[in-house]
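One structure below.
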Amino acid sequence: MTGTILLVLGSFLASAVEMVEALTIVLGVGVVRGWRSTLFGVGAAAVVLAGLIATIGPALGSIPIDALRLVVGALLLVFGLQWLRKAILRSSGYKALHDEEEAFREGREQAAAAGTDQRAGLDWYSFTVAFKGVLLEGLEVVFIVISFGAAQGRFGPAVLGAAAAVVIVVAAGLLARGPLERVPENAIKFAVGLLLTSFGIFWAAEGAGVDWPGDELSLLAVIAFVGALSFGLVRSLRRQRLSASPAGAGA
Amino acid sequence: MSYVRAFGRFWWDFIVGDDWVVAAAVGLGLVLTGILTGLGVDAWWLLPLVVALALAGSLRRATRVTTT
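For the protein sequence lines, the chains are Z and W, in the order given.
Counted from 1, the first sequence has number 114 at position 114 by this note's numbering; the numbering is strictly sequential.
Counted from 1, the second sequence has number 50 at position 50 by this note's numbering; the numbering is strictly sequential.
Shown next as structure tokens:
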């Protein structure tokens, strides 16, 4: 039960943060160049992503669960450590925070400066930018949903989390009529990195033959361990940065 | 050939990212965990330990590059 709740939460947060970024790209193009071609791009990307889930998801069902957990857990762990590493670098001030408002402004400027190229009755710039943006951001969501679903042996909770995120982010975007810059994106990315890494450790070790003490409850202990480690690293890196550049002490 | 290379590059960047040493450490940690459990040792503690060391080492390398 604990694992399922955390799985829905992880899938929801990861999907929400990727959808916020995709929404910023789509809004930046749609507002400047019109919605028809932009929405065709979004639709085409959604079809490709749905096709990927429909193809890969059921195929994974035929692989033995321990082998699947080992491979999926290892991939999720390496992937999650990437998120966590970047989140720690951002929180400690070594990497710039992601700014949706800035990304939106850049997107609008690029969309306004791009020339016109009509193909198949579509504004090709709007179509390709929306398609690529949604496909690339969505690919991470698909990867997480498929990994979570495969390792858990059922796709329902992961799909539920992702679907809820898509609905909420799109609804919020429509209401706000602009980029969702108030979403605490960097904090969410930290939480996602934490959950992906913890699930990765749990499943990969299980796949390698480990019997976790306390079974599923030990997932909470793994999350607490990775959380304490991450916050410790943030504090240590902050101190290191401030001692290296006293002039930037207030940054 | 360049398409295959670009496809491989995309997935490498997507999964492994900036620091391949972290991925190698995770792989090594899993092999050792498998060997130890095969020998009858329930090595649940090994992978968290490897992750802690790999993450700290990766951040150390990343910030050393940034600060110099």
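By construction, the Cβ of each residue, glycine as well, lies at the ideal position given by its N, Cα and C atoms.
In this text, all values refer to a predicted model and were calculated from it rather than measured experimentally.
Measure from the C-beta of residue i to each C-beta in chain W and report whether the shortest distance is under 8 Å.
i       : result
R282(Z) : Within the shown structure, residues of chain Z are numbered from 1 to 251, placing residue 282(Z) beyond reach of any answer.
I201(Z) : yes
T197(Z) : yes
F104(Z) : no
L237(Z) : yes
A204(Z) : yes
L97(Z)  : no
Y94(Z)  : yes
L229(Z) : yes
A249(Z) : Here A249(Z) scores only 44 on pLDDT, less than 50, and its place in the model should not be relied on; the value that follows carries that caveat. With 8 Å as the cut-off, A249(Z) does not count as an interface residue toward chain W.
Cβ closer than 7 Å: which chain Z residues qualify as neighbours of residue i?
i      : result
S58(W) : R85
L53(W) : Neighbours of L53(W) on chain Z: none; closest Cβ ~10 Å, over 7 Å.
V22(W) : V78 and L81
Residue i to residue j, Cα distance in whole Å?
i       : j       : result
G193(Z) : V32(Z)  : 34 Å
G73(Z)  : G115(Z) : 45 Å
M19(Z)  : G40(W)  : 45 Å
P58(Z)  : T128(Z) : 29 Å
I65(Z)  : D211(Z) : 15 Å
I35(W)  : V21(W)  : 21 Å
P184(Z) : G3(Z)   : 24 Å
V48(Z)  : L70(Z)  : 27 Å
G214(Z) : E206(Z) : 13 Å
A46(Z)  : G121(Z) : 20 Å
R108(Z) : L47(W)  : 45 Å
L49(W)  : F7(W)   : 33 Å
F287(Z) : W203(Z) : In this structure chain Z extends from 1 to 251, so residue 287(Z) is not present and cannot be described.
V29(Z)  : S126(Z) : 6 Å
A43(W)  : A54(W)  : 18 Å
L217(Z) : W35(Z)  : 48 Å
E101(Z) : A172(Z) : 15 Å
V170(Z) : S92(Z)  : 31 Å
Q110(Z) : Q240(Z) : 38 Å
L52(Z)  : V142(Z) : 8 Å
G17(W)  : A103(Z) : 22 Å
G250(Z) : G161(Z) : In this predicted model, G250(Z) has a pLDDT of only 43, less than 50, meaning its place in the structure is not dependable enough to derive any value.
A87(Z)  : L81(Z)  : 10 Å
I56(Z)  : S236(Z) : 41 Å
L7(Z)   : R154(Z) : 11 Å
S245(Z) : S147(Z) : 41 Å
A165(Z) : Y94(Z)  : 29 Å
L136(Z) : V159(Z) : 18 Å
K132(Z) : R105(Z) : 18 Å
A163(Z) : G232(Z) : 34 Å
Any beta-carbon of chain Z closer than 8 Å to the one on residue i?
i      : result
V4(W)  : no
R28(W) : According to the sequence as given, residue 28(W) is Leu; it is not Arg. It does not: the Cβ of L28(W) has no partner Cβ on chain Z nearer than 8 Å.
L47(W) : yes
Who are the neighbours of residue i on chain W, taking C-beta pairs under 8 Å?
i       : result
D211(Z) : D42 and W44
F190(Z) : Chain W residues near F190(Z): none, gap ~13 Å exceeds 8 Å.
V222(Z) : P48
G233(Z) : Per the sequence presented here, residue 233(Z) reads as Leu, with Gly not at that position. Near L233(Z) (Cβ distances below 8 Å), the residues of chain W are L55, A56 and L59.
Go through its chain and collect everything with a Cβ distance to residue i's Cβ below 7 Å, but skip five positions before and after it.
i       : result
R90(Z)  : L97 and N186
S198(Z) : L219, V222, I223 and V226
S72(W)  : This structure gives no information on residue 72(W), because the portion of chain W shown stretches from 1 to 68.
G27(W)  : none
F190(Z) : A87 and S91
A54(Z)  : none
Just to make sure I have the definition right: I need the residues of chain Z whose C-beta is within less than 8 Å of the C-beta of residue i. Which are they?
i     : result
G8(W) : Within 8 Å Cβ-Cβ: nothing; G8(W) doesn't reach chain Z, min ~15 Å.
Below 7 Å on C-beta distance, what does residue i contact in chain W?
i       : result
L75(Z)  : I15
A208(Z) : L30, T33, G34 and T37
Q240(Z) : T63
Is there a Cβ of chain A sitting closer than 8 Å to that of residue i, yes or no?
i       : result
F225(Z) : The structure shown has no chain A; the protein chains it does contain are Z and W.
Given residue i, which residues of its chain have a CB within under 8 Å of its CB, disregarding the five upstream and five downstream residues?
i       : result
W12(W)  : none
T37(W)  : A43
Q118(Z) : W124
I201(Z) : G73, L77, V222 and V226
L9(Z)   : G161 and L195
I15(W)  : A23
Ignore the nearest five residues each way along the sequence and tell me which others in residue i's own chain have a CB closer than 6 Å to its CB.
i       : result
A14(Z)  : I144 and V192
E140(Z) : E18
E60(Z)  : What sits at residue 60(Z) in the sequence shown is Leu, not Glu. Cβ neighbours of L60(Z) beyond the five flanking positions: A150.
Open item on the list: So within the region 133 to 198 of chain Z, which uninterrupted alpha helix (DSSP H) runs reach at least 4 residues, ignoring any that extend past its ends?
Closed with: 156 to 176
Open item on the list: Going residue by residue through the region 13 to 66 of chain Z, where are the continuous alpha helix (DSSP H) segments of at least 4 residues, counting only ones entirely within it?
Closed with: 36 to 60
Open item on the list: Report the start-end ranges of each beta strand (DSSP E) in the region 7 to 62 of chain W that is 3 residues or longer and not cut off at the edges.
Closed with: none
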